[in-house]
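Number of protein chains: 2
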Amino acid sequence: MTERKPRKDATRNREAVFAAADALFAGCGSPEDVTMADIAAAAGVGKGTLFRAYGDRTGLIRALYGARLEPVRTAVESGPPPLGPDTPPPVRVPALLDALLCLKLDNRHLAVALEAAGADSPYRTEHYAHWHALLRDLLERIPAWAGTGSADFAAHALLAATRADLVAHLAGDGGVPREELRARLADFTASVLGTARPAG
Amino acid sequence: MTERKPRKDATRNREAVFAAADALFAGCGSPEDVTMADIAAAAGVGKGTLFRAYGDRTGLIRALYGARLEPVRTAVESGPPPLGPDTPPPVRVPALLDALLCLKLDNRHLAVALEAAGADSPYRTEHYAHWHALLRDLLERIPAWAGTGSADFAAHALLAATRADLVAHLAGDGGVPREELRARLADFTASVLGTARPAG
DNA sequence: TACGATACGGACCGCTGGTCCGCTTCTCGA
DNA sequence: TCGAGAAGCGGACCAGCGGTCCGTATCGTA
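So the sequence lines, in the order shown, correspond to chains A and B. So for the first sequence, this note's numbering puts the first residue at 565; every next one is plus one. So for the second sequence, this note's numbering puts the first residue at 565; every next one is plus one.
Below is the structure:
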């Protein structure tokens, strides 16, 4: 157990890189336009420092996204309804998807960058496995899906409806307003759950 | 209207590149492992030839995938039911999604490569716009979705359930058998359409 | 066969993510 | 306070990528 506390300048630089990367990703249209060299320059550090702090490009993006994700995660794990554990599944599932949608809407740049930079596939991240398992278990506790063996795939499909590039496409290129998008996703989720939807 | 017929060696090389690329993408785990230089070498041509024939990497992959997609497309546009136009929407929608799923299962490598290489987003391709419009219109003709304004998003969400990387993840890494995956997607589609599903 | 149009091919380019190592800066015991 | 050594810094450097260019070889035609 050799736990050393990091040097002061190290943490300062780490935070500078974090802030610079956040700003750059937020300010640029496509995440590919932001190079590691750009980030290092904007943070006022050398590339070596950047890579020492976060390992590689994916590590940096993951750290950025993780920071935004954390409040949602705690709200889901130990918060009040409708996100927290003390919520009946038919209510919690749409709440969860809505939270995910909002997160990706508010952090499109990072979310797209993460899914794109996720090595091969966004499906091999632990983040994804976590959300999927949670959603699958909730679906299993809803009559329409319990025991059919399809809850697993349904969880994948529902999560796919909130994929970052789709959200970015609709909200960004498509110009769909935030509240409308949320309503559409809610409609879709309701239909999957078998919950009643407003008639056409 | 200056229509010139291409030289013989040009078409031969074009086909050699096509075949070589097809084989290489099929044989490698990740599409990123296949470089343009690899393809040129495998085809026995220079890189210049390769790029002259297909423009750029995306163009080549699109040509490969397009060749596999074409039969499906014609079957949808002018084939017999359940894919063709003379099919009631509640039957045609699942048939369409199933066809798309099978296509991506059979050509995982290409499909993943295409979605990944699709410049920024797979949502800006004309392929996607085509499928989305078709699916949206079909949904509009199904009572549960007609006029709700949500058919557009539902079409996106249903297509997202057949995203290439998800399919590849489930079929490849996850080891889900082909027929089971088709059944799961059918279940999911049915629940979205409001069609009866087998009870749990 | 000879000649112009066409296509070939691989050296070359710009740029990227990532590494390396001589030098600076911090930390901490004396 | 000081100094030695660990920890960290930074930018020159590297390998590999997609893509370009142009002198040269090949094809089609008269």
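Glycine is no exception: its CB is placed at the ideal position from the N, C-alpha and C atoms. Since the model is a prediction, treat every value here as computed from it, not as a measurement.
Flag A:Ser642 as yes if its beta-carbon sits less than 9 angstroms from any beta-carbon of chain B, otherwise no.
no
Would you mind working out which of A:Arg705, A:Asp751, A:Ala715 and A:Leu588 sits nearest B:Asp716, comparing C-alpha positions?
A:Asp751
Do the CB positions of B:Arg727 and A:Ala724 come within less than 9 angstroms of each other?
yes
A:His673, buried or exposed, once every other Cβ within 10 Å from all chains shown has been counted against 16:
buried
Chain-order list of residues whose beta-carbon lies under 8 angstroms from that of B:Leu665 (same chain, five-residue window excluded)
Thr726, Val731, Leu745, Arg746 and Leu749
Quick one, are the C-beta atoms of B:Ala580 and B:Val609 less than 9 angstroms apart?
yes
Taking DSSP as the reference, what is the three-state secondary structure of B:Cys666?
helix
Exposed unless 16 or more other CB atoms sit within 10 angstroms - verdict on B:Lys611
exposed
Go through the stretch 599 to 645 of chain B residue by residue and report every complete run of the alpha helix (DSSP H) that reaches 4 residues or more, in order.
List check, alpha helix (DSSP H) in window: 600 to 607, 611 to 618 and 621 to 642.
Enclosing alpha helix (DSSP H) for B:Ala677 [first to last residue]:
Arg672 to Ala681
Is any beta-carbon of chain A found at less than 9 angstroms from that of B:Phe752?
yes
Run through DSSP, which three-state label would B:Pro653 get?
helix
Coil, strand or helix - B:Arg755 by DSSP
Strictly speaking, residue 755 of chain B in this sequence is Ser, with Arg absent from that position. B:Ser755 falls in the helix class under three-state DSSP.
Candidates B:Pro658, B:Ala607 and B:Asp737: closest to B:Arg575 by CA position:
For the sequence presented, residue 575 of chain B should be read as Thr rather than Arg. Answer by Cα proximity: B:Ala607.
Name the chain A residues whose beta carbon is nearer than 8 angstroms to that of B:Thr599?
Within 8 angstroms Cβ-Cβ: nothing; B:Thr599 doesn't reach chain A, min ~16 angstroms.
Are B:Ala680 and B:Asp620 touching if we call contact CB-CB under 9 angstroms?
Here B:Ala680 is not near B:Asp620, since their CB atoms are 9 angstroms or more apart.
Looking at the unbroken alpha helix (DSSP H) that takes in B:His720, where does it start and where does it end?
It spans Ala715 to Ala724 - the alpha helix (DSSP H) in which B:His720 sits, taken as one unbroken run.
In three-state terms, what does DSSP make of B:Gly591?
helix
Run through DSSP, which three-state label would A:Val581 get?
Collapsing the DSSP output to three states places A:Val581 in a helix.
Take A:Leu588 and list the residues in its own chain whose beta-carbon comes closer than 8 angstroms to its own, dropping the five residues that flank it on each side.
Val598, Asp602, Ile603 and Ala606
Going by alpha carbons, who is nearest to A:Ala585 out of A:Leu660, A:Trp709 and A:Leu614?
Distances from the CA of A:Ala585 to each of A:Leu660, A:Trp709 and A:Leu614 were compared; the closest alpha carbon is that of A:Leu614.
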